Amino acid sequence: MTKPLVVHDPVHKTIILSELEQLLIGTPQLQRLRGIQQLGLADVVFPGANHSRFEHSLGTMHTASLLGRSVGLDNEDIMKLRLAGLLHDVGHSAFSHAVESVLKRDPAIQPKMCENCFVDHEAFTKYIISEVIPEDNIIARYVRDELGYDPFEFFNEVSKIATGDLSIEKPYLSQLMSGDIDADRIDFLLRDSYHTGVSLGLIDVDQIMQSLCIVNDNVVFGSPGSGSFDEELTLAAAESMLIARSHHYTAIIHHPRTQAVRVMLLYALEMTLQQQKELFGDEAVGTMVADFFTTYNDADLLNFINAKGGEVARGLLQDIRDGQIYVPVARSNQKTLSPGTRMALSTIARSGKATRMFEKELEKRLGDVLVDLSIATGVPKSARVMVGGSENFFYDESALANGLVRAISRQMSLTVFTHPDVAITSELSSAQVVMHNIVDDLSPKLLRFIREEQYLPIEGLILLLYAIHEMFEEVHDGFVSIPRIRNITWLYKKVAFFKEDIRLKYLFDYEFHTRYGFLYSNKVYEDIQLLVAMGVVDEDLRYFEKDGRFRQRYEYVLTDAGVQYAADLVDPYQRDYKIITSDLTMNKHSIPRDIVTMPLARFQSDREKRTSGAKK
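Just so we're aligned, residue 36 is where the sequence shown starts under my numbering, counting upward by one.
Given below as structure tokens:
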């Protein structure tokens, strides 16, 4: 029997590897991760950020075992959790997320494996763990002889835990590995902070571990018998994770220089792949792209571009090597864009194909530039806490957490980059104005294009809120009375109801579950938070007393900008809007709402500003 292997880690200090874990580390799939940097080319900005996905995988494995022991899992479950942590990144591509976006921007080159198109690293991860790893004879024999499992069945379960699949018998294992506050996030926040030198805030890992428990097969923070002080500590520990996560996006991921080097690499790769498509066709290029996720490391990808790319692509790589990183000549974020433009860009950014079209059109109109439209993803949406002896959503119990979710949801940047030599002669102010004018002209056209290709459920939500607004809005003597929805669970039920209508099922294409004892949709919650973050919807905090405790709830009302945005949606969705309105009219008295009255000028306070801005 092989002796345990001790690894010295800068973040967790000592990590001990079992015999099976050592066998897995010896596979090409794990060794490949040594050559893939966790933060891509971010070391251009943060010189110490050259840590690899290999060391992050070791750290995630270690953190997963700590979380598993903190909730009292048995040794078998902890073993599976550790393996899931060790293997959770085996499907990441070289240069990670910078390359993954290629698949979403050009669906024609999505690799087809096992009769399915692979569109993200999770798909590759699940495939490698469940199909490739069990083919290793030594590993398969160990799992069969020492553990008593069929290797394929064993690693199929591990693959689901590693990718957050909740369909397994013990869904809390997947939540510990890939939830709102999980082993993966804890390690990469600690590790990225350590290597970049950026302080993301104190993550109270010990308190997080002490707070975790399993209730009804779900991971929950706190315990039924906790006192009020313990509850406060639990909330503070969980809040520390969200603070660090928000800062991580702002300080590292959305740093303009990090964005610049990422977009330079992306454009060099896209130009190279386009040349290969012209020579060999989409299917052949799809096979090449699959190699990025299964066999290539970062150096291999750079060699691929150098060997097969054209002069411009190779020039971009040479600029990166020489430190000639493109500089921003125009940049807009959520604070400098109108709510309608923010909402449009947010929708475009969630369609890889539309994003690519948008960026290319901006480049064509602006000249010798590269464009990057980026948004934050992975909004926390399912963490549960025990407060006052009952289980509730973390974001309903913590106003700080709710604000941080909104802060993450609204993070967006639209940046125009150019070569430093060209930037010397560029006028930042004029480029900014030109960009805004082009964006205002281009966004509606691209939204129409997206709607022609697919339904947009978030626009179904907007239409639902607008239909309620139109039903109850009254204007009289300079005042306006508007409805405020006071029960978000009613929105879940109504969306689920419309989803069952054959005429509306695509417009309200959301997945629901009842794991918390009631109808809930992670995606509906995420989209509502997005509407709030974009300024289309206002979210009001209200306190109410229940069982001797004051609790908080959130109520929703369309802003004036939201009303204007929604009004423009009615025409492309005429048939759907009539069905929605008809149902709401018949059930008018069951809509849980308050009527808010305010001066009309206050409600429309920014309309003149938006209108004048659009005319420039």
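Every residue gets a Cβ at the ideal spot worked out from N, C-alpha and C, and that includes glycine. Quick caveat, the model's predicted, so the values are computed rather than measured.
Just the C-alpha distance for residue i and residue j, rounded to the nearest angstrom, thanks.
i, j, result
"residue 405", "residue 304", "13 angstroms"
"residue 647", "residue 471", "Confidence at residue 647 is low in this model, with a pLDDT of 45, below 50, so its placement is unreliable and the value that follows should be read with caution. Residue 647 and residue 471: Cα-Cα distance of roughly 13 angstroms."
"residue 82", "residue 135", "24 angstroms"
"residue 200", "residue 517", "41 angstroms"
"residue 113", "residue 270", "26 angstroms"
"residue 512", "residue 559", "37 angstroms"
"residue 363", "residue 457", "11 angstroms"
"residue 534", "residue 543", "5 angstroms"
"residue 329", "residue 162", "10 angstroms"
"residue 108", "residue 206", "13 angstroms"
"residue 578", "residue 586", "5 angstroms"
"residue 635", "residue 510", "8 angstroms"
"residue 622", "residue 319", "55 angstroms"
"residue 56", "residue 203", "22 angstroms"
"residue 520", "residue 325", "47 angstroms"
"residue 385", "residue 181", "46 angstroms"
"residue 54", "residue 268", "38 angstroms"
"residue 195", "residue 218", "15 angstroms"
"residue 433", "residue 278", "13 angstroms"
"residue 197", "residue 213", "7 angstroms"
"residue 167", "residue 62", "10 angstroms"
"residue 79", "residue 410", "21 angstroms"
"residue 546", "residue 160", "23 angstroms"
"residue 147", "residue 153", "6 angstroms"
"residue 96", "residue 287", "24 angstroms"
"residue 101", "residue 608", "51 angstroms"
"residue 19", "residue 360", "This structure gives no information on residue 19, because the portion of the chain shown stretches from 36 to 651."
"residue 473", "residue 383", "15 angstroms"
"residue 469", "residue 476", "11 angstroms"
"residue 561", "residue 176", "44 angstroms"
Assuming residue i contacts residue j (C-beta within less than 8 angstroms), just tell me the rounded distance between them.
i, j, result
"residue 158", "residue 71", "That belief does not hold up - the Cβ atoms of residue 158 and residue 71 are roughly 17 angstroms apart, past 8 angstroms."
"residue 144", "residue 351", "About 20 angstroms; that fails the 8 angstroms criterion."
"residue 66", "residue 87", "At roughly 11 angstroms, the Cβ-Cβ gap does not stay under 8 angstroms, so residue 66 and residue 87 are not in contact."
"residue 298", "residue 407", "4 angstroms"
"residue 615", "residue 498", "6 angstroms"
"residue 550", "residue 253", "6 angstroms"
"residue 208", "residue 115", "7 angstroms"
"residue 93", "residue 44", "6 angstroms"
"residue 414", "residue 367", "That pair is no contact at about 21 angstroms."
"residue 120", "residue 99", "4 angstroms"
"residue 730", "residue 504", "Outside the displayed span of the chain (36 to 651) sits residue 730, for which this structure offers no information."
"residue 38", "residue 215", "That pair is no contact at about 37 angstroms."
Nearest to residue i by alpha carbon, out of the options?
i, options, result
"residue 47", "569, 223, 150", "223"
"residue 306", "332, 505, 346", "346"
"residue 242", "106, 191, 208, 142", "106"
"residue 467", "365, 171, 504", "365"
"residue 138", "93, 322, 444, 514", "322"
"residue 455", "354, 411, 429, 436", "354"
"residue 391", "214, 431, 484", "484"
"residue 369", "442, 310, 276", "442"
"residue 285", "235, 626, 215", "235"
"residue 453", "177, 403, 473", "403"
"residue 591", "500, 141, 288, 61", "500"
"residue 239", "233, 301, 274, 68", "274"
"residue 488", "409, 176, 541, 146", "541"
"residue 349", "382, 374, 314, 301", "301"
"residue 164", "187, 584, 627, 142", "187"
"residue 342", "361, 69, 547, 310", "310"
"residue 189", "41, 118, 123", "118"
"residue 233", "191, 152, 37, 281", "281"
"residue 700", "132, 76, 58, 588", "Coverage of the chain is limited to positions 36 through 651, which leaves residue 700 absent and any answer about it impossible."
"residue 316", "332, 171, 478, 141", "141"
"residue 449", "524, 514, 371, 435", "371"
Please indicate yes or no: does the CB of residue i lie closer than 7 angstroms to some heavy atom of the ligand SAH?
i, result
"residue 637", "Looking for the ligand SAH in the displayed structure turns up nothing, as the structure carries no ligands at all."
Can you find a CB in chain B that lies within less than 8 angstroms of the CB of residue i?
i, result
"residue 118", "Here chain B cannot be found, since the structure has a single protein chain."
- prompt: Does the region 335-342 come close enough to the region 276-295 that 3 or more CB-CB pairs lie under 8 angstroms?
  reply: no
3-residue-minimum beta strand (DSSP E) runs that sit fully inside the region 584-638, ordered along the chain: Scanning the region 584-638 from its first residue to its last, the whole beta strand (DSSP E) runs of 3-plus residues come out as 584-593, 628-634.
task: Evaluate the contact criterion for the region 416-424 versus the region 247-255: three or more CB pairs, one atom per stretch, below 8 angstroms.
output: yes
Those runs of the alpha helix (DSSP H) which lie wholly inside the region 335-418 and span at least 4 residues: Fully enclosed alpha helix (DSSP H) runs of 4 or longer: 346-357, 374-384, 387-401.
Uninterrupted alpha helix (DSSP H) stretches inside the region 59-140 (no shorter than 4 residues): Taken in chain order, the complete alpha helix (DSSP H) segments of 4 or more residues contained in the region 59-140 are 63-66, 88-105, 110-122, 132-140.
- prompt: In chain order, which alpha helix (DSSP H) runs of at least 4 residues are fully inside the region 221-294?
  reply: 240-246, 263-283
Three or more C-beta pairs below 8 angstroms linking the region 476-494 and the region 376-384: yes
Stretch pair the region 393-400 + the region 225-245: three plus CB contacts closer than 8 angstroms: With a cut-off of 8 angstroms, the region 225-245 and the region 393-400 do not count as touching, because too few Cβ pairs lie within range.
- prompt: Okay, do the region 252-266 and the region 219-234 touch, 3+ Cβ pairs below 8 angstroms being the bar?
  reply: no
query: Per the contact definition of three or more C-beta pairs closer than 8 angstroms, is the region 585-605 in contact with the region 562-571?
result: yes
field: Uninterrupted alpha helix (DSSP H) stretches inside the region 414-452 (no shorter than 4 residues)
entry: As far as the region 414-452 is concerned, its whole alpha helix (DSSP H) runs of at least 4 residues are 429-432, 434-444.
- request: Could you pull out every unbroken beta strand (DSSP E) segment of at least 3 residues lying fully inside the region 459-505, listed in chain order?
  value: Not a single unbroken stretch of the beta strand (DSSP E) spanning 3 or more residues falls wholly within the region 459-505.
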